[in-house]
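Using the working numbering, the letters of the sequence shown correspond one by one to residues 246 to 663.
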Amino acid sequence: MAQPPGFKSVTHPSNYVCKLHKSLYGLKQAPRAWNERFTSFLPSLGFQVSQANPSLFIQQSSKGTVLLFLYVDDVIFTGSNTQLINQVITALTAEFEMKDLGLLHYFLGLQISYTSEGLFVSQTKYINELVDKVDLQDSKPCATPCLPYHRLLKDDGKPYHSPDQYRSVVGALQYLTFTRPNIAFSVNQACQFMHNPMISHVIAVKRILRYLKGTSTYGIHFKPGPLHLQSYSDADWAGDPNDRRLTSGFVVFLGSNPISWASKKQHTVSRSTTEAEYRALAITAAELAWIRQLLCDMHVPLHSSPLIYCDNVSTIALFTNHVFNAKSKHIEIDYHFVCERVTRGDLQVQHVSSTDQSADILTKGLSAPLFQQHCNNLMLSVLEHQLEGGCKKDEVQECHPSEEVINGQNKATCQKIK
246 MAQPPGFKSV
256 THPSNYVCKL
266 HKSLYGLKQA
276 PRAWNERFTS
286 FLPSLGFQVS
296 QANPSLFIQQ
306 SSKGTVLLFL
316 YVDDVIFTGS
326 NTQLINQVIT
336 ALTAEFEMKD
346 LGLLHYFLGL
356 QISYTSEGLF
366 VSQTKYINEL
376 VDKVDLQDSK
386 PCATPCLPYH
396 RLLKDDGKPY
406 HSPDQYRSVV
416 GALQYLTFTR
426 PNIAFSVNQA
436 CQFMHNPMIS
446 HVIAVKRILR
456 YLKGTSTYGI
466 HFKPGPLHLQ
476 SYSDADWAGD
486 PNDRRLTSGF
496 VVFLGSNPIS
506 WASKKQHTVS
516 RSTTEAEYRA
526 LAITAAELAW
536 IRQLLCDMHV
546 PLHSSPLIYC
556 DNVSTIALFT
566 NHVFNAKSKH
576 IEIDYHFVCE
586 RVTRGDLQVQ
596 HVSSTDQSAD
606 ILTKGLSAPL
616 FQQHCNNLML
626 SVLEHQLEGG
636 CKKDEVQECH
646 PSEEVINGQN
656 KATCQKIK
(Lines of atoms letter the chains of each structure in order from A and count residues from 1; the text may use other names and numbers.)
(Lines give C-alpha, C1' and ligand atoms only; values in the text may rest on other atoms or scores of the structure.)
Protein backbone atom coordinates (compact mmCIF):
# COMPACT_ATOMS: atom_id res chain seq x y z
CA MET A 1 0.00 0.00 0.00
CA ALA A 2 1.12 3.57 -0.64
CA GLN A 3 -0.15 7.07 -0.03
CA PRO A 4 -2.24 8.33 -2.99
CA PRO A 5 -0.72 11.09 -5.18
CA GLY A 6 -1.60 14.55 -3.89
CA PHE A 7 -2.25 13.32 -0.33
CA LYS A 8 1.23 12.45 0.85
CA SER A 9 2.09 13.26 4.44
CA VAL A 10 4.88 15.78 4.91
CA THR A 11 6.03 14.32 8.21
CA HIS A 12 5.66 10.64 7.20
CA PRO A 13 6.04 10.45 3.41
CA SER A 14 7.04 6.79 3.11
CA ASN A 15 6.17 4.61 6.11
CA TYR A 16 2.56 5.76 6.68
CA VAL A 17 -0.60 5.07 4.66
CA CYS A 18 -4.15 6.42 4.81
CA LYS A 19 -6.62 4.62 7.06
CA LEU A 20 -10.08 4.34 5.53
CA HIS A 21 -13.05 4.81 7.83
CA LYS A 22 -15.20 2.74 5.44
CA SER A 23 -14.85 0.91 2.17
CA LEU A 24 -14.52 3.07 -0.94
CA TYR A 25 -16.91 0.88 -2.90
CA GLY A 26 -19.75 0.39 -0.43
CA LEU A 27 -20.29 -2.13 2.33
CA LYS A 28 -18.20 -5.30 2.54
CA GLN A 29 -21.24 -7.55 2.14
CA ALA A 30 -22.65 -5.60 -0.85
CA PRO A 31 -21.08 -7.81 -3.61
CA ARG A 32 -22.29 -10.99 -1.91
CA ALA A 33 -25.76 -9.58 -1.35
CA TRP A 34 -25.97 -8.47 -4.99
CA ASN A 35 -24.82 -11.90 -6.17
CA GLU A 36 -27.47 -13.63 -4.07
CA ARG A 37 -30.13 -11.26 -5.38
CA PHE A 38 -29.09 -11.81 -8.99
CA THR A 39 -28.76 -15.60 -8.81
CA SER A 40 -32.11 -15.92 -6.99
CA PHE A 41 -33.83 -14.09 -9.86
CA LEU A 42 -32.38 -16.26 -12.66
CA PRO A 43 -34.55 -19.37 -11.96
CA SER A 44 -37.63 -17.26 -12.71
CA LEU A 45 -36.27 -16.91 -16.27
CA GLY A 46 -35.77 -20.65 -16.62
CA PHE A 47 -32.06 -20.75 -15.81
CA GLN A 48 -30.48 -23.64 -13.91
CA VAL A 49 -27.08 -23.50 -12.25
CA SER A 50 -24.42 -25.83 -13.61
CA GLN A 51 -23.30 -28.65 -11.33
CA ALA A 52 -19.73 -28.33 -12.61
CA ASN A 53 -19.43 -24.54 -12.37
CA PRO A 54 -21.55 -22.47 -9.95
CA SER A 55 -20.91 -19.31 -12.01
CA LEU A 56 -22.53 -20.80 -15.12
CA PHE A 57 -26.30 -20.76 -15.68
CA ILE A 58 -28.10 -22.57 -18.50
CA GLN A 59 -31.52 -21.93 -20.04
CA GLN A 60 -32.64 -24.83 -22.22
CA SER A 61 -35.80 -24.81 -24.36
CA SER A 62 -37.10 -26.11 -27.67
CA LYS A 63 -36.00 -22.85 -29.31
CA GLY A 64 -32.37 -23.18 -28.25
CA THR A 65 -29.88 -22.79 -25.42
CA VAL A 66 -28.70 -19.65 -23.62
CA LEU A 67 -25.58 -19.68 -21.44
CA LEU A 68 -24.99 -17.01 -18.81
CA PHE A 69 -21.64 -16.65 -17.09
CA LEU A 70 -21.47 -14.43 -14.01
CA TYR A 71 -18.20 -12.92 -12.79
CA VAL A 72 -18.71 -10.52 -9.85
CA ASP A 73 -20.89 -7.83 -11.51
CA ASP A 74 -20.10 -8.69 -15.14
CA VAL A 75 -22.31 -11.04 -17.14
CA ILE A 76 -21.50 -12.76 -20.44
CA PHE A 77 -24.20 -14.25 -22.61
CA THR A 78 -23.87 -16.70 -25.45
CA GLY A 79 -26.23 -19.15 -27.06
CA SER A 80 -27.65 -20.73 -30.16
CA ASN A 81 -30.53 -18.26 -30.64
CA THR A 82 -30.01 -14.48 -30.77
CA GLN A 83 -33.70 -13.80 -30.11
CA LEU A 84 -33.60 -15.79 -26.85
CA ILE A 85 -30.51 -13.88 -25.73
CA ASN A 86 -32.19 -10.55 -26.38
CA GLN A 87 -35.26 -11.67 -24.42
CA VAL A 88 -33.08 -12.55 -21.41
CA ILE A 89 -31.27 -9.19 -21.64
CA THR A 90 -34.60 -7.35 -21.73
CA ALA A 91 -35.90 -9.25 -18.69
CA LEU A 92 -32.72 -8.60 -16.67
CA THR A 93 -32.62 -4.93 -17.67
CA ALA A 94 -36.18 -4.49 -16.39
CA GLU A 95 -35.19 -6.00 -13.02
CA PHE A 96 -31.66 -4.58 -12.59
CA GLU A 97 -29.83 -1.43 -13.61
CA MET A 98 -27.58 -2.70 -16.40
CA LYS A 99 -25.63 -1.53 -19.41
CA ASP A 100 -25.38 -3.58 -22.58
CA LEU A 101 -21.82 -3.35 -23.94
CA GLY A 102 -22.66 -5.26 -27.11
CA LEU A 103 -20.59 -7.96 -28.75
CA LEU A 104 -17.82 -9.26 -26.51
CA HIS A 105 -14.37 -7.99 -27.53
CA TYR A 106 -12.48 -7.50 -24.24
CA PHE A 107 -13.03 -9.22 -20.92
CA LEU A 108 -10.68 -9.49 -17.91
CA GLY A 109 -7.59 -8.94 -20.06
CA LEU A 110 -8.72 -11.36 -22.79
CA GLN A 111 -9.09 -9.94 -26.30
CA ILE A 112 -11.68 -11.70 -28.47
CA SER A 113 -11.67 -11.25 -32.26
CA TYR A 114 -14.17 -12.75 -34.68
CA THR A 115 -13.01 -14.35 -37.92
CA SER A 116 -14.74 -16.21 -40.72
CA GLU A 117 -13.52 -19.48 -39.17
CA GLY A 118 -14.26 -18.89 -35.49
CA LEU A 119 -12.88 -16.98 -32.50
CA PHE A 120 -9.37 -15.72 -31.85
CA VAL A 121 -8.50 -15.16 -28.17
CA SER A 122 -5.29 -13.38 -27.14
CA GLN A 123 -3.79 -11.14 -24.45
CA THR A 124 -1.68 -8.79 -26.57
CA LYS A 125 -2.55 -5.63 -24.64
CA TYR A 126 -1.86 -7.35 -21.30
CA ILE A 127 1.55 -8.56 -22.53
CA ASN A 128 2.58 -5.14 -23.83
CA GLU A 129 1.62 -3.49 -20.54
CA LEU A 130 3.61 -6.09 -18.58
CA VAL A 131 6.69 -5.65 -20.78
CA ASP A 132 6.47 -1.87 -20.33
CA LYS A 133 6.11 -2.32 -16.57
CA VAL A 134 9.39 -4.23 -16.29
CA ASP A 135 11.12 -1.94 -18.81
CA LEU A 136 11.99 -4.60 -21.38
CA GLN A 137 10.65 -2.78 -24.45
CA ASP A 138 14.09 -2.75 -26.12
CA SER A 139 15.07 -6.30 -25.16
CA LYS A 140 15.90 -8.91 -27.77
CA PRO A 141 13.20 -11.59 -28.23
CA CYS A 142 14.13 -15.25 -27.81
CA ALA A 143 12.79 -18.39 -29.46
CA THR A 144 11.64 -20.28 -26.34
CA PRO A 145 10.52 -19.24 -22.84
CA CYS A 146 13.20 -21.39 -21.16
CA LEU A 147 16.43 -23.17 -22.02
CA PRO A 148 16.02 -26.72 -23.41
CA TYR A 149 15.86 -29.34 -20.64
CA HIS A 150 17.06 -26.80 -18.06
CA ARG A 151 15.83 -26.77 -14.46
CA LEU A 152 16.07 -23.94 -11.93
CA LEU A 153 17.98 -24.68 -8.73
CA LYS A 154 16.85 -23.53 -5.30
CA ASP A 155 20.17 -21.99 -4.13
CA ASP A 156 21.70 -21.04 -7.47
CA GLY A 157 23.49 -17.70 -7.08
CA LYS A 158 22.77 -14.71 -4.90
CA PRO A 159 19.37 -13.67 -3.49
CA TYR A 160 17.43 -11.08 -5.47
CA HIS A 161 17.25 -7.68 -3.80
CA SER A 162 13.51 -7.12 -4.52
CA PRO A 163 11.48 -10.30 -3.91
CA ASP A 164 8.21 -8.32 -3.93
CA GLN A 165 8.83 -7.25 -7.51
CA TYR A 166 9.60 -10.85 -8.47
CA ARG A 167 6.32 -12.04 -6.95
CA SER A 168 4.37 -9.32 -8.72
CA VAL A 169 5.79 -10.15 -12.17
CA VAL A 170 5.43 -13.92 -11.77
CA GLY A 171 1.86 -13.47 -10.55
CA ALA A 172 1.12 -11.48 -13.71
CA LEU A 173 2.68 -14.24 -15.81
CA GLN A 174 0.35 -16.78 -14.23
CA TYR A 175 -2.62 -14.92 -15.68
CA LEU A 176 -1.07 -15.15 -19.16
CA THR A 177 -1.24 -18.95 -19.10
CA PHE A 178 -5.00 -18.61 -19.78
CA THR A 179 -4.23 -18.12 -23.47
CA ARG A 180 -0.57 -19.18 -23.63
CA PRO A 181 -0.21 -22.84 -22.61
CA ASN A 182 3.29 -22.84 -24.11
CA ILE A 183 4.64 -20.82 -21.15
CA ALA A 184 2.84 -22.85 -18.45
CA PHE A 185 5.89 -24.99 -17.59
CA SER A 186 8.28 -22.02 -17.43
CA VAL A 187 5.89 -20.04 -15.23
CA ASN A 188 5.35 -23.10 -13.03
CA GLN A 189 9.11 -23.28 -12.44
CA ALA A 190 9.32 -19.58 -11.58
CA CYS A 191 6.42 -19.87 -9.12
CA GLN A 192 8.32 -22.40 -7.00
CA PHE A 193 10.77 -19.77 -5.73
CA MET A 194 8.40 -17.00 -4.65
CA HIS A 195 9.56 -17.12 -1.03
CA ASN A 196 13.26 -16.66 -1.78
CA PRO A 197 14.04 -15.74 -5.40
CA MET A 198 17.61 -15.75 -6.66
CA ILE A 199 19.15 -13.65 -9.41
CA SER A 200 19.20 -16.75 -11.64
CA HIS A 201 15.43 -17.06 -11.18
CA VAL A 202 14.97 -13.42 -12.21
CA ILE A 203 17.01 -14.10 -15.36
CA ALA A 204 14.69 -17.02 -16.15
CA VAL A 205 11.63 -14.76 -15.70
CA LYS A 206 13.17 -12.15 -18.00
CA ARG A 207 13.61 -14.84 -20.64
CA ILE A 208 9.88 -15.62 -20.43
CA LEU A 209 9.11 -11.91 -20.88
CA ARG A 210 11.50 -11.65 -23.83
CA TYR A 211 9.77 -14.60 -25.47
CA LEU A 212 6.37 -13.02 -24.87
CA LYS A 213 7.59 -9.71 -26.29
CA GLY A 214 8.45 -11.42 -29.56
CA THR A 215 5.16 -13.35 -29.69
CA SER A 216 2.78 -10.83 -28.11
CA THR A 217 0.26 -11.17 -30.98
CA TYR A 218 -0.03 -14.94 -30.54
CA GLY A 219 -3.31 -16.41 -29.38
CA ILE A 220 -5.57 -19.43 -29.70
CA HIS A 221 -7.79 -19.79 -32.74
CA PHE A 222 -10.99 -21.65 -31.84
CA LYS A 223 -12.72 -23.26 -34.81
CA PRO A 224 -15.99 -25.23 -34.96
CA GLY A 225 -15.83 -28.94 -35.73
CA PRO A 226 -16.83 -32.40 -34.50
CA LEU A 227 -17.44 -32.54 -30.75
CA HIS A 228 -15.13 -35.17 -29.30
CA LEU A 229 -12.79 -34.98 -26.31
CA GLN A 230 -9.19 -36.07 -26.51
CA SER A 231 -6.31 -35.30 -24.20
CA TYR A 232 -2.57 -35.78 -23.85
CA SER A 233 -1.04 -36.74 -20.52
CA ASP A 234 2.65 -36.64 -19.67
CA ALA A 235 4.97 -36.67 -16.66
CA ASP A 236 8.63 -35.82 -16.16
CA TRP A 237 9.73 -38.44 -13.64
CA ALA A 238 12.08 -37.11 -10.92
CA GLY A 239 12.78 -34.12 -13.13
CA ASP A 240 13.18 -31.54 -10.35
CA PRO A 241 16.80 -31.66 -9.13
CA ASN A 242 15.87 -29.91 -5.87
CA ASP A 243 13.61 -32.64 -4.45
CA ARG A 244 13.16 -35.17 -7.31
CA ARG A 245 9.43 -34.65 -7.48
CA LEU A 246 7.70 -35.07 -10.81
CA THR A 247 6.03 -32.46 -12.98
CA SER A 248 2.79 -33.59 -14.60
CA GLY A 249 1.08 -31.95 -17.52
CA PHE A 250 -2.04 -32.42 -19.59
CA VAL A 251 -3.89 -30.68 -22.39
CA VAL A 252 -7.52 -31.39 -23.33
CA PHE A 253 -8.88 -30.79 -26.84
CA LEU A 254 -12.51 -30.38 -27.84
CA GLY A 255 -12.26 -31.25 -31.51
CA SER A 256 -9.09 -29.48 -32.60
CA ASN A 257 -9.34 -26.74 -29.96
CA PRO A 258 -7.39 -26.80 -26.67
CA ILE A 259 -9.82 -25.97 -23.86
CA SER A 260 -7.96 -27.01 -20.70
CA TRP A 261 -4.31 -27.48 -19.74
CA ALA A 262 -2.09 -27.56 -16.69
CA SER A 263 1.53 -27.94 -15.66
CA LYS A 264 1.91 -28.86 -12.01
CA LYS A 265 4.60 -30.10 -9.71
CA GLN A 266 3.36 -32.99 -7.58
CA HIS A 267 3.63 -33.15 -3.78
CA THR A 268 5.17 -36.62 -3.54
CA VAL A 269 8.13 -38.43 -5.06
CA SER A 270 7.30 -41.20 -7.53
CA ARG A 271 9.28 -44.43 -7.29
CA SER A 272 9.05 -45.32 -10.99
CA THR A 273 8.20 -43.85 -14.37
CA THR A 274 5.03 -45.96 -14.41
CA GLU A 275 3.87 -44.41 -11.14
CA ALA A 276 4.66 -40.93 -12.46
CA GLU A 277 2.66 -41.52 -15.64
CA TYR A 278 -0.25 -42.99 -13.68
CA ARG A 279 -0.39 -39.97 -11.42
CA ALA A 280 -0.56 -37.77 -14.51
CA LEU A 281 -3.21 -40.07 -16.02
CA ALA A 282 -5.35 -39.88 -12.88
CA ILE A 283 -5.20 -36.06 -12.89
CA THR A 284 -6.14 -35.97 -16.58
CA ALA A 285 -9.00 -38.44 -16.03
CA ALA A 286 -10.40 -36.24 -13.23
CA GLU A 287 -10.22 -33.18 -15.49
CA LEU A 288 -12.00 -35.03 -18.29
CA ALA A 289 -14.74 -36.12 -15.88
CA TRP A 290 -15.28 -32.48 -14.87
CA ILE A 291 -15.35 -31.26 -18.49
CA ARG A 292 -17.75 -34.03 -19.44
CA GLN A 293 -20.11 -32.96 -16.64
CA LEU A 294 -19.81 -29.35 -17.77
CA LEU A 295 -20.70 -30.27 -21.36
CA CYS A 296 -23.59 -32.35 -20.07
CA ASP A 297 -24.91 -29.33 -18.13
CA MET A 298 -24.64 -27.27 -21.33
CA HIS A 299 -26.60 -29.96 -23.23
CA VAL A 300 -23.65 -30.62 -25.54
CA PRO A 301 -23.70 -34.30 -26.57
CA LEU A 302 -20.53 -36.38 -26.86
CA HIS A 303 -20.82 -39.20 -29.37
CA SER A 304 -17.70 -41.06 -28.23
CA SER A 305 -15.78 -41.66 -25.01
CA PRO A 306 -13.00 -39.20 -24.16
CA LEU A 307 -9.54 -40.37 -25.24
CA ILE A 308 -6.24 -40.00 -23.36
CA TYR A 309 -2.93 -40.33 -25.20
CA CYS A 310 0.03 -41.52 -23.13
CA ASP A 311 3.61 -42.15 -24.30
CA ASN A 312 4.52 -44.72 -21.61
CA VAL A 313 4.25 -48.34 -22.79
CA SER A 314 4.33 -49.83 -19.26
CA THR A 315 1.35 -47.71 -18.24
CA ILE A 316 -0.68 -48.86 -21.24
CA ALA A 317 0.30 -52.51 -20.62
CA LEU A 318 -1.21 -52.48 -17.12
CA PHE A 319 -4.68 -52.08 -18.62
CA THR A 320 -4.36 -55.43 -20.40
CA ASN A 321 -2.55 -57.22 -17.57
CA HIS A 322 -4.49 -56.60 -14.34
CA VAL A 323 -1.78 -58.02 -12.08
CA PHE A 324 -0.02 -56.07 -9.36
CA ASN A 325 3.45 -57.03 -8.23
CA ALA A 326 6.14 -55.41 -6.12
CA LYS A 327 6.87 -52.88 -8.87
CA SER A 328 3.30 -51.69 -9.32
CA LYS A 329 1.37 -52.15 -6.07
CA HIS A 330 2.30 -48.65 -4.88
CA ILE A 331 0.26 -47.13 -7.73
CA GLU A 332 -2.84 -49.23 -7.12
CA ILE A 333 -5.15 -46.35 -6.12
CA ASP A 334 -4.45 -44.29 -9.22
CA TYR A 335 -4.70 -47.45 -11.31
CA HIS A 336 -8.19 -48.31 -10.03
CA PHE A 337 -9.33 -44.70 -10.47
CA VAL A 338 -8.44 -44.72 -14.17
CA CYS A 339 -9.22 -48.39 -14.83
CA GLU A 340 -12.74 -48.08 -13.42
CA ARG A 341 -13.55 -45.42 -16.00
CA VAL A 342 -11.94 -47.39 -18.81
CA THR A 343 -13.96 -50.49 -17.85
CA ARG A 344 -17.22 -48.49 -17.84
CA GLY A 345 -16.43 -47.09 -21.26
CA ASP A 346 -16.21 -43.51 -19.96
CA LEU A 347 -12.58 -43.26 -21.01
CA GLN A 348 -10.11 -44.64 -23.53
CA VAL A 349 -6.33 -44.75 -23.16
CA GLN A 350 -4.06 -45.12 -26.18
CA HIS A 351 -0.33 -44.94 -26.79
CA VAL A 352 1.26 -42.04 -28.64
CA SER A 353 4.90 -41.55 -29.61
CA SER A 354 6.96 -39.09 -27.59
CA THR A 355 7.46 -36.86 -30.64
CA ASP A 356 3.67 -36.43 -30.96
CA GLN A 357 3.06 -35.95 -27.23
CA SER A 358 1.49 -32.47 -27.09
CA ALA A 359 1.69 -32.41 -23.28
CA ASP A 360 5.49 -32.61 -23.49
CA ILE A 361 5.60 -28.81 -23.66
CA LEU A 362 3.98 -28.69 -20.19
CA THR A 363 6.53 -30.87 -18.39
CA LYS A 364 9.97 -29.78 -19.62
CA GLY A 365 11.90 -27.22 -21.61
CA LEU A 366 12.25 -28.14 -25.28
CA SER A 367 14.49 -27.23 -28.18
CA ALA A 368 13.21 -24.49 -30.49
CA PRO A 369 12.04 -26.73 -33.40
CA LEU A 370 10.20 -29.18 -31.12
CA PHE A 371 8.78 -26.30 -29.07
CA GLN A 372 7.39 -24.63 -32.19
CA GLN A 373 5.90 -27.94 -33.37
CA HIS A 374 3.95 -28.32 -30.13
CA CYS A 375 2.86 -24.65 -30.28
CA ASN A 376 1.32 -25.41 -33.68
CA ASN A 377 -0.42 -28.47 -32.21
CA LEU A 378 -1.91 -26.22 -29.51
CA MET A 379 -3.46 -24.01 -32.23
CA LEU A 380 -1.27 -21.04 -31.24
CA SER A 381 -1.07 -18.63 -34.17
CA VAL A 382 -1.24 -14.98 -35.17
CA LEU A 383 -4.45 -13.25 -36.16
CA GLU A 384 -4.42 -12.58 -39.89
CA HIS A 385 -5.33 -8.89 -39.64
CA GLN A 386 -3.51 -6.95 -36.93
CA LEU A 387 -4.23 -3.32 -36.04
CA GLU A 388 -1.14 -2.63 -33.93
CA GLY A 389 2.24 -3.74 -35.25
CA GLY A 390 0.77 -6.83 -36.87
CA CYS A 391 2.46 -8.86 -39.56
CA LYS A 392 1.32 -8.81 -43.15
CA LYS A 393 -1.01 -11.41 -44.54
CA ASP A 394 1.78 -13.29 -46.34
CA GLU A 395 3.89 -13.25 -43.16
CA VAL A 396 1.27 -14.86 -40.90
CA GLN A 397 2.39 -17.99 -39.08
CA GLU A 398 -0.57 -20.28 -39.55
CA CYS A 399 -1.48 -23.03 -37.15
CA HIS A 400 -1.46 -26.63 -38.35
CA PRO A 401 -4.31 -27.59 -40.70
CA SER A 402 -7.13 -29.34 -38.94
CA GLU A 403 -8.47 -32.61 -40.30
CA GLU A 404 -11.96 -31.82 -39.04
CA VAL A 405 -14.49 -30.37 -41.45
CA ILE A 406 -15.91 -27.04 -40.34
CA ASN A 407 -19.62 -27.50 -39.92
CA GLY A 408 -22.37 -25.05 -40.73
CA GLN A 409 -23.53 -24.26 -37.22
CA ASN A 410 -24.64 -20.73 -36.39
CA LYS A 411 -22.14 -18.63 -34.51
CA ALA A 412 -22.97 -18.03 -30.89
CA THR A 413 -23.55 -14.43 -29.95
CA CYS A 414 -21.44 -13.30 -27.01
CA GLN A 415 -22.43 -10.23 -25.06
CA LYS A 416 -21.31 -8.55 -21.89
CA ILE A 417 -23.56 -6.70 -19.50
CA LYS A 418 -22.23 -4.64 -16.63
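Don't be surprised by glycine CBs; every beta carbon is placed ideally from N, CA and C. Values in this document were obtained by computation on a predicted structure and should not be read as measured data.
Self-check item: Residues near Thr518 in its chain [Cβ-Cβ closer than 6 Å; skip 5 each side]
Solution: Cβ contact annotation for Thr518 (same chain, cutoff 6 Å, sequence separation greater than five): Trp482, in chain order.
Quiz item: Starting from Leu474 and walking both ways along the beta strand (DSSP E), at which residues does that stretch end?
Solution: 474-481
Quiz item: Rounded C-beta distance between Thr327 and His544? I'm assuming under 8 Å.
Solution: Contact doesn't hold; Cβ gap of about 18 Å is too wide.
Quiz item: Curious, which full-length alpha helix (DSSP H) runs of at least 4 residues does the segment 600-632 contain?
Solution: 613-622
Practice problem: May I have a chain-ordered list of the alpha helix (DSSP H) segments no shorter than 4 residues that lie completely inside the segment 259-332? | Solution: 275-286
Self-check item: Own chain partners of His395 with C-beta closer than 7 Å, once the 5 adjacent residues on each side are dropped
Solution: Gly610
Quiz item: Buried or exposed: where does Phe252 fall if 16 or more other Cβ atoms within 10 Å of its Cβ makes it buried?
Solution: Around the beta carbon of Phe252, fewer than 16 other beta carbons lie within 10 angstroms, which makes this residue exposed.
Quiz item: Which word fits Ser476, buried or exposed, when buried means at least 16 other C-beta atoms lie within 10 angstroms of its C-beta?
Solution: buried
Quiz item: Short check: CB of Asp479 to CB of Thr608, under 8 Å?
Solution: Yes, the Cβ-Cβ distance between Asp479 and Thr608 is below 8 Å.
Exercise. With DSSP as the reference, label Phe423 as helix, strand or coil.
Key: Phe423: coil per DSSP, three-state reduction.
Quiz item: Does the distance from the CB of Ser598 to the CB of Asn622 come in under 8 Å?
Solution: no
Quiz item: Looking at the structure shown, is Lys510 part of a helix, part of a strand, or coil, going by DSSP?
Solution: strand
Exercise. Starting from the N-terminal side, write out each stretch of the alpha helix (DSSP H) that is 4 residues or longer and does not extend beyond the segment 486-561.
Key: 518-542
Quiz item: By DSSP, does Asp401 sit in helix, in strand, or in coil?
Solution: Judged by DSSP in its simplified three-state form, Asp401 adopts coil rather than helix or strand.
Quiz item: DSSP state of Val431, grouped into three classes?
Solution: Sequence check: residue 431 is Ser here, not Val. Residue state, collapsed to three classes: helix.
Quiz prompt | Three-state class that DSSP yields for Leu454 in the structure shown | solution = helix
Quiz item: Going by DSSP, which residues form a beta bridge with Phe352?
Solution: Leu355
Quiz prompt | Residue range of the unbroken alpha helix (DSSP H) whose run includes Tyr371 | solution = 369-378
Quiz item: Can you tell me whether Pro386 is buried or exposed, with buried defined as 16 or more other CB within 10 angstroms of its CB?
Solution: Pro386 counts as exposed, since fewer than 16 other beta carbons sit within 10 angstroms of its beta carbon.
Quiz prompt | Host beta strand (DSSP E) of Tyr463 (start-end) | solution = 463-467
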